[in-house]
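First residue of the sequence shown? That's 1 in the UniProt record's numbering, and the numbers climb one at a time after it. Virtual Cβ for every residue (Gly too), placed ideally from N, Cα, C. Working notes, beginning with the structure itself.
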Amino acid sequence: MNIQHILSEKIKQAMIGSGAEQNVEALVRQSGKPQFGDYQANGVMGAAKKLGLNPREFAQKVVDNVDSDPLIEKLEIAGPGFINIFLNPAWLSEQVQTSLNDEKLGVSVNQQQTVVVDYSSPNVAKEMHVGHLRSTIIGDGVVRALEFLGNKVIRANHVGDWGTQFGMLIAYLEKMENENASEMQLSDLEAFYREAKAHYDNDSAFAEKARNYVVKLQGGDEYCRTMWKKLVDITMQQNQRNYERLNVTLTEKDVMGESLYNPMLPGIVADLKEKGLAVEDDGALVVFLEEFKNKDGDPMGVIVQKKDGGFLYTTTDIAAAKYRYETLKADRALVFSDTRQSQHMQQAWLITRKAGYVPDSFSLEHQNFGMMLGKDGKPFKTRTGGTVKLADLLDEAVERAGKLIAEKNTNLTDEEKQAVVEAVAIGAVKYSDLSKNRTTDYVFDWDNMLSFEGNTAPYMQYAYTRIRSIFSKSGIDPDTLKGKINLTEDKERTLALKLLQFEESVSVVAKDGTPHVLCQYLYELAGIFSSFYEACPILNAEDDIKQSRLQLASLTAKTLKQGLELLGIKTVEKM
Ligand code: ARG
Numbered sequence: 001m002n003i004q005h006i007l008s009e010k011i012k013q014a015m016i017g018s019g020a021e022q023n024v025e026a027l028v029r030q031s032g033k034p035q036f037g038d039y040q041a042n043g044v045m046g047a048a049k050k051l052g053l054n055p056r057e058f059a060q061k062v063v064d065n066v067d068s069d070p071l072i073e074k075l076e077i078a079g080p081g082f083i084n085i086f087l088n089p090a091w092l093s094e095q096v097q098t099s100l101n102d103e104k105l106g107v108s109v110n111q112q113q114t115v116v117v118d119y120s121s122p123n124v125a126k127e128m129h130v131g132h133l134r135s136t137i138i139g140d141g142v143v144r145a146l147e148f149l150g151n152k153v154i155r156a157n158h159v160g161d162w163g164t165q166f167g168m169l170i171a172y173l174e175k176m177e178n179e180n181a182s183e184m185q186l187s188d189l190e191a192f193y194r195e196a197k198a199h200y201d202n203d204s205a206f207a208e209k210a211r212n213y214v215v216k217l218q219g220g221d222e223y224c225r226t227m228w229k230k231l232v233d234i235t236m237q238q239n240q241r242n243y244e245r246l247n248v249t250l251t252e253k254d255v256m257g258e259s260l261y262n263p264m265l266p267g268i269v270a271d272l273k274e275k276g277l278a279v280e281d282d283g284a285l286v287v288f289l290e291e292f293k294n295k296d297g298d299p300m301g302v303i304v305q306k307k308d309g310g311f312l313y314t315t316t317d318i319a320a321a322k323y324r325y326e327t328l329k330a331d332r333a334l335v336f337s338d339t340r341q342s343q344h345m346q347q348a349w350l351i352t353r354k355a356g357y358v359p360d361s362f363s364l365e366h367q368n369f370g371m372m373l374g375k376d377g378k379p380f381k382t383r384t385g386g387t388v389k390l391a392d393l394l395d396e397a398v399e400r401a402g403k404l405i406a407e408k409n410t411n412l413t414d415e416e417k418q419a420v421v422e423a424v425a426i427g428a429v430k431y432s433d434l435s436k437n438r439t440t441d442y443v444f445d446w447d448n449m450l451s452f453e454g455n456t457a458p459y460m461q462y463a464y465t466r467i468r469s470i471f472s473k474s475g476i477d478p479d480t481l482k483g484k485i486n487l488t489e490d491k492e493r494t495l496a497l498k499l500l501q502f503e504e505s506v507s508v509v510a511k512d513g514t515p516h517v518l519c520q521y522l523y524e525l526a527g528i529f530s531s532f533y534e535a536c537p538i539l540n541a542e543d544d545i546k547q548s549r550l551q552l553a554s555l556t557a558k559t560l561k562q563g564l565e566l567l568g569i570k571t572v573e574k575m
């Protein structure tokens, strides 16, 4: 249940009943301060202005027109015409009880869109690096939120598996197979790529062969196709290991690489030409876009086919957008990639729309993100200046978390300890990324992300185990709790309201592609629980109060666990 939506709808209807237009917005928000109520409607002033009415008088009219509802205790008009909304504690306690008994914790599962999510998208014969890390984990968090709310998600791993580089890669794979067929190793993709390129640059016979293989591959030659497939498979097997370690939901089935669209490109380019969108310019086919200016202030030209007949990254993205609408029947398509690709995406999609391949109702969204920086504020690199391999980064995380947990004096078995180390290590790397607004660059800092204080994975995981230990230490099974939840103390009420706002934060993640909103929510929830726990004794309280508070604690634990799971972060029972 989404309280914000319910209230928005109610206030909106009252505004319409008071003379406002049908499309008026109530602008209901969670209040920052308790004296302003639990929620605030801020839309009244704007609506009154439009109607030429005194805002406070209009606000009074709106308040009078709100149907009475068990949800609302009282409405107050404040300042120039804000409406402060106070919720009814009896209603809150009833809802908390319902959420506790619901598998989905009271979250409504009524969204029914088909959403294509293009994320991770590494390149073949290249190691996944930290740049792909952001796309992978942010994208996966959004996928989980979308699915949790009921949407159908189609994961599209837009792997870079096509292009002229495959000529040299095939030629080099062949060379390796001929030389040491038995111990053919492709474990170091980065070195493989580098070697292939070195041969291509320095050995003219090799280069000739490579160019020949490109033509053959594009022509569908069986041998080249098989060699190409081998390269794709080896790369994706390695990536799959990263996905599993990262607790990311992508599988081999989700690969929808650039090669999928390749057969569609000649038709698209011919069509763009026929529609007069693409014109010949110096041998290439170019779409000039008024909406983008080049450095001379003229419409920017976007090449869709090169002089030599080759297609481009943009051409593929036009085809992908069309395919996602036409064939996959999606309502939305999200692409998670670096901010530096924003202009590219906008241009590809503008051309897609101009060509009439998708209707206005089809939403194309670039969920861009900033760079991951080192502590020196420069792009994150290894000590020697190379790109950091994802697998190495995760190894280091495990090593560091291992040391951290070993220092702690816990009475865990070795096996339990190992599980904690894995959860903390991977959780820390993911959470430090997910908890930042994705559009800004962020500094990758081991000490911060592994701290047990602040908005970090270890803190959140620890907060969860602390609540669970209330149950394990007292031997109380949370599934046997009974009696009514009573919200008599302020801290109880605050906690209950926060618990009921879970869906609001998940909905924002699904709509805006911003997992940090959920991280912030969970962090605040953990803090609110702590103050509640300090102020309201649980185990020593009288039985009915104890049962009531234990139920609040139980729902808090469940919400933390579920929330972290939506972020792809594991919890443990003890740490
Ligand atoms: N493979 C690209 C890269 O490594 C990312 C692809 C993003 N998706 C897209 N449809 N362009 O930068």
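- Cβ neighbours of M184 in the same chain (closer than 8 Å, five flanking residues each side left out): For the purposes of this step, residue 184 is identified with residue 184 of the sequence shown, where counting begins at 1. In this prediction, M184 scores a pLDDT of 49, lower than 50, which makes its location untrustworthy; the coordinate-derived value is nonetheless stated afterwards. Around M184: M176 and E177.
- Message: Would you say the beta carbon of V115 is closer than 7 Å to some non-hydrogen atom of the ligand ARG?
- Response: One-based indexing of the sequence shown puts residue 115 at position 115. V115: no, Cβ never under 7 Å from the ligand ARG.
- Could you spell out the range, first to last residue, of the alpha helix (DSSP H) harbouring L328? By one-based count along the sequence shown, residue 328 stands at place 328. L328 -> no alpha helix (DSSP H), and no H or E assigned at all.
- Query: Leaving out the 5 sequence neighbours to the left and right, which residues in its chain are closer than 8 Å to R493 when beta-carbon positions are compared?
  - Reply: Against the sequence shown, residue 493 aligns to sequence position 493. Closer than 8 Å at the Cβ level, and outside the excluded window around R493, lie P89, L92 and L487.
- Option nearest P478 by Cα separation, candidates L100, E422 and I170: As a first step, residue 478 is located in the sequence shown; it is residue number 478 there, counting from the start. For the residues L100, E422 and I170, the minimum Cα distance to P478 belongs to L100.
- Could you please give me the residues that DSSP links to I72 through a beta bridge? Along the sequence shown, one-based indexing puts residue 72 at 72. I72 pairs with L87.
- Message: Check whether the segment 443 to 461 and the segment 556 to 572 touch, using three or more Cβ-Cβ pairs below 8 Å as the test.
- Response: yes
- Message: Using the three-state DSSP reduction, which class does F452 fall into: helix, strand or coil?
- Response: To locate residue 452, count along the sequence shown from 1; it is residue 452. Three-state result, F452: coil.
- Tell me whether S182 is buried or exposed, calling it buried when 16 or more other Cβ atoms sit within 10 Å of its Cβ. As a first step, residue 182 must be located in the sequence shown, where it is residue number 182. Unreliable positioning characterises S182 in this predicted model, as indicated by a pLDDT of 48, which lies under 50. A coordinate reading is not provided.
- Message: Taking 8 Å as the cut-off, does the segment 508 to 519 touch the segment 436 to 451 (at least 3 CB pairs, one atom from each stretch)?
- Response: yes
- Message: DSSP three-state label for G52, please.
- Response: Within the sequence shown, residue 52 is the residue found at index 52, counting from 1. Correct three-state label for G52: coil.
- For the putative contact between V302 and V287, defined by C-beta atoms under 8 Å, what is the C-beta separation to the nearest angstrom? Residue mapping note: residue 302 aligns to position 302 of the sequence shown, counting from 1. Residue mapping note: residue 287 aligns to position 287 of the sequence shown, counting from 1. Correct: roughly 5 Å between the Cβ atoms.
- Item | Status (buried if at least 16 other CB within 10 Å, exposed otherwise) for E422 | Translated into positions along the sequence shown, residue 422 becomes position 422. Buried, because 16 or more other Cβ atoms sit within 10 Å of the Cβ of E422.
- Item | Straight-line gap, D360 to R353 (C-alpha atoms, nearest Å) | For the purposes of this step, residue 360 is taken as residue 360 along the sequence shown, with counting starting at 1. For the purposes of this step, residue 353 is taken as residue 353 along the sequence shown, with counting starting at 1. If I take the Cα positions, the gap works out to 8 Å.
- Find the nearest neighbour of M264 within the set R245, K229 and Y323, judged by alpha-carbon distance. Indexing the sequence shown from 1 puts residue 264 at position 264. Closest by alpha carbon: Y323.
- Within the segment 140 to 196, note down every full beta strand (DSSP E) run reaching 3 residues or more, in order along the chain. 152 to 156
- Query: Which word fits residue 577, buried or exposed, when buried means at least 16 other C-beta atoms lie within 10 angstroms of its C-beta?
  - Reply: Absent from the model: residue 577. The displayed extent of the chain is 1 to 575, so no value can be given.
- Query: If you compare alpha carbons, which of I6, E416 and L404 is closest to D447?
  - Reply: On the sequence shown, residue 447 is found 447 positions in, with the first residue counted as 1. Checking every option, the nearest Cα to that of D447 belongs to L404.
- the ligand GDP heavy atoms versus the CB of G267: any closer than 7 Å? The model depicted lacks the ligand GDP and carries the ligand ARG instead.
- Query: So is S18 buried or exposed if we call it buried at 16+ other beta carbons inside 10 Å?
  - Reply: Sequence index remark: in the sequence shown, residue 18 carries index 18 (1-based). Buried is the call here.
- Message: Assuming contact is defined by CB atoms lying nearer than 8 Å, are V214 and I154 in contact in what I supplied?
- Response: What you label residue 214 is simply residue 214 of the sequence shown in a count that begins at 1. What you label residue 154 is simply residue 154 of the sequence shown in a count that begins at 1. No, these two residues do not count as a Cβ contact at 8 Å.
- Query: With which residues is D338 paired in a DSSP beta bridge?
  - Reply: Here residue 338 is taken as the residue at index 338 of the sequence shown, counted from 1. Per DSSP, F369.
- Message: If contact is defined by three or more beta carbon pairs under 8 Å, each pair taking one atom from either stretch, is the segment 12 to 26 in contact with the segment 54 to 65?
- Response: yes
- Item | G301 - DSSP class collapsed to helix/strand/coil | To locate residue 301, count along the sequence shown from 1; it is residue 301. G301: strand per DSSP, three-state reduction.
- Query: Within 7 Å: the Cβ of G356 and any heavy atom of the ligand ARG?
  - Reply: In the sequence shown, counting from the first residue as 1, residue 356 sits at position 356. No; taking the cut-off as 7 Å, the Cβ of G356 has no heavy atom of the ligand ARG nearer than that.
- Query: Under the rule that 16 or more other beta-carbon atoms within 10 Å means buried, what is Q22, buried or exposed?
  - Reply: The residue labelled residue 22 in the question sits at position 22 within the sequence shown. Burial call: exposed.
- What does a CB cutoff of less than 7 Å around V506 pick up in its chain, not counting 5 residues either side in sequence? Taking the sequence shown and counting its residues from 1, one reaches residue 506 at position 506. Once the five neighbours on either side are set aside, the close Cβ partners of V506 are V107, A145, F148, L149, L518 and L566.
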